[in-house]
Amino acid sequence: MSGTINLKGKNYSIDGLTKDAVGIAKMLAEKARLHDEEINDSDLDAEEDKEIQTQIHAQLILPDFIIRAEYMAFTANSLHLLGAKLRGTSLQDQPKLFATYVQIFTILPEPKLNPFLRRYLQDKELVQGLGNQIGRAFIDGIQWRKPSGPGHICTLLMNMLMWCDPSLGDDGKACIDAVVRRGLFKKTKGLQETKGFENIDEFQRVEIARCNGMLNAIEELPDNLYVTSTRQHLLGQLDGCGNLECGEEATLNCSRCKGTRYCGRECQKKAWKEHKLFCFAPSF
Ligand SMILES: [Zn+2]
Ligand SMILES: [Zn+2]
5 MSGTINLKGK NYSIDGLTKD AVGIAKMLAE KARLHDEEIN DSDLDAEEDK EIQTQIHAQL
65 ILPDFIIRAE YMAFTANSLH LLGAKLRGTS LQDQPKLFAT YVQIFTILPE PKLNPFLRRY
125 LQDKELVQGL GNQIGRAFID GIQWRKPSGP GHICTLLMNM LMWCDPSLGD DGKACIDAVV
185 RRGLFKKTKG LQETKGFENI DEFQRVEIAR CNGMLNAIEE LPDNLYVTST RQHLLGQLDG
245 CGNLECGEEA TLNCSRCKGT RYCGRECQKK AWKEHKLFCF APSF
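Each residue of the sequence shown is one higher than the one before, starting from 5 at the first, in this note's numbering.
Here you go:
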């Protein structure tokens, strides 16, 4: 039957799942105060904090593609609000809210799979200052909220370094200022030398080491060469048709999400059933 997905023997309507994903994403945005118009400089109280964490953790037991659809909907509809709110949040006075905002950033699907996150990171105005702010917080000490941790924050910082315009940083080498990059280099090195480092999970160990290596490579290469050449390479990986069985070069943009590309109508049609679940018109 078209328009449905079979899950453990039961058929679910794709339209229904998409609607649910949008609804759940909106709930998270509301709980995290992203739709509040007035400035609120209080930290999350215990009740608010618990509600957000309960929702984030309840989602983790769902099938992967549903979690992905929810966070894709969140990225498309609310990421610009999350960035704006984080910018106005104080690490010292609102440590729980600050850590929650960074936590949400780190659980979004990676840029390779998430055209909305790529679009956001490449928008100089929207992303301005966030690399420095998150970098400084990571150096100074931020609460690590599961399922996110230091390795996940390193992934986020690397995504920013690779995708955000290097002219945002004070020396033009990368979007994060030189002094913050040096602090991050020391921090990621220090974490690797900390007793008990081998006890954290492998993903996080790899990401902390990778981030340290990337910071080193940025310094070693002249100007913004590391960032621009890495970006070129990443963009090259995205050149292919969105119908993964095809392999042709993509020339046509999905008109709704403007993120997924195809070689032509035929492939777009073939991929639609799968793509529909992740296709949202971005709000920014
Ligand atoms: Zn194709
Ligand atoms: Zn689309």
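Note that beta-carbon positions come from the ideal geometry of N, C-alpha and C, so glycine has one too.
Within the present structure, is the beta-carbon of residue i separated from the nearest heavy atom of ligand 1 by less than 6 Å?
i: E278; result: no
i: G258; result: According to the sequence as given, residue 258 is Cys; it is not Gly. Incorrect: C258 has no Cβ contact closer than 6 Å to ligand 1.
i: E252; result: yes
i: N247; result: yes
Please state if the CB of residue j and the CB of residue i are separated by a distance shorter than 7 Å.
i: T192; j: C215; result: yes
i: Q98; j: R149; result: no
i: A141; j: L112; result: no
i: F78; j: A29; result: yes
i: E55; j: A25; result: no
In the DSSP assignment, the beta strand (DSSP E) including residue i goes from what residue to what residue?
i: S17; result: K14 to S17
i: N10; result: T8 to L11
According to DSSP, is residue i helix, strand or coil?
i: L256; result: strand
i: R37; result: coil
i: L239; result: helix
i: G87; result: helix
i: G244; result: strand
i: A275; result: helix
Taking only heavy atoms of ligand 2 into account, decide whether any of them is closer than 6 Å to the Cβ of residue i.
i: C271; result: no
i: T234; result: no
i: C267; result: no
i: T255; result: no
i: T8; result: no
i: C261; result: yes
i: T22; result: no
i: A168; result: Correcting the residue type first, residue 168 is Cys in the shown sequence and not Ala. Every heavy atom of ligand 2 is 6 Å or more from the Cβ of C168, so no.
The alpha helix (DSSP H) spanning residue i covers which residue range?
i: N228; result: Element bounds for N228: n/a, residue is neither H nor E.
i: D53; result: A50 to Q63
i: G160; result: Note that residue 160 corresponds to Leu in the displayed sequence, not to Gly. First-last of the alpha helix (DSSP H) with L160: P154 to W167.
i: C283; result: Premise fails: C283 is in no alpha helix (DSSP H) and is neither H nor E.
i: T93; result: Taken as a continuous stretch (DSSP letters only), T93 belongs to no alpha helix (DSSP H), as it is neither H nor E.
i: L289; result: Residue numbering for the chain in the displayed model covers 5 to 288; residue 289 lies beyond these limits and cannot be assessed.
Tell me the start and end of each unbroken beta strand (DSSP E) in the stretch 112-151 that is at least 3 residues and wholly inside, in chain order.
none
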